[in-house]
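Heads up, the sequence shown is in the UniProt record's numbering, so the first residue is 1 and it goes up one at a time. All C-beta atoms, glycine included, are put in the ideal place defined by N, C-alpha and C. Note that the coordinates shown come from a computational prediction; the quantities given were computed from them, not determined experimentally. Working notes, beginning with the structure itself.
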Amino acid sequence: MSKKKGVIFISCEEAASICDKSQYNEATLWQKIKLNIHILSCRFCKKYVKNNTHLTHLCSKAQLHSLQPEQKEEMKKVIDSEISK
1 MSKKKGVIFI SCEEAASICD KSQYNEATLW QKIKLNIHIL SCRFCKKYVK NNTHLTHLCS
61 KAQLHSLQPE QKEEMKKVID SEISK
């Protein structure tokens, strides 16, 4: 893993954080540039980015659906009532 960091060079931990943000379109342009510079010299982070991108693609392709807010609230009420017994 790379130990260089500064204005352009970032740590592997920061690269992983930017990668995660990037997957959800939360990373800034400057963060994306720094990430791309970092993965040019770090094979571990390059593999992390590749795997993370693949996982995001698979999740979106799977068309996963979560519970509706009303269903979540109902489940929470049931759990709370069972806990308070």
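Let me know if residue i comes out buried or exposed under the rule of 16 or more other beta-carbons within 10 Å of its beta-carbon.
i: V49; result: buried
i: C42; result: buried
Can you give me the C-alpha to C-alpha distance between residue i and residue j, rounded to a whole angstrom?
i: A27; j: H38; result: 15 Å
i: L40; j: K77; result: 50 Å
i: A62; j: K46; result: 24 Å
i: M1; j: M75; result: Its pLDDT being 47, under 50, M1 is placed unreliably in this model, and the value from its coordinates should be taken loosely. Rounded to the nearest angstrom, the two C-alpha atoms are 44 Å apart.
i: L64; j: E73; result: 20 Å
i: F44; j: A15; result: 10 Å
Excluding the five sequence neighbours on either side, which residues of its own chain have a C-beta within less than 7 Å of the C-beta of residue i, listed in chain order?
i: I8; result: K34 and I37
i: I10; result: K34 and H38
i: P69; result: none
Kindly list the residues whose CB is nearer than 8 Å to the CB of residue i, restricted to its own chain and excluding five residues on each side of it in sequence; keep chain order.
i: T56; result: Q23
With residue i and residue j assumed to form a contact (beta carbons below 8 Å), what rounded beta-carbon distance in angstroms separates them?
i: N52; j: D20; result: 7 Å
Given residue i, which residues of its chain have a CB within under 6 Å of its CB, disregarding the five upstream and five downstream residues?
i: I18; result: A27, Q31 and L35
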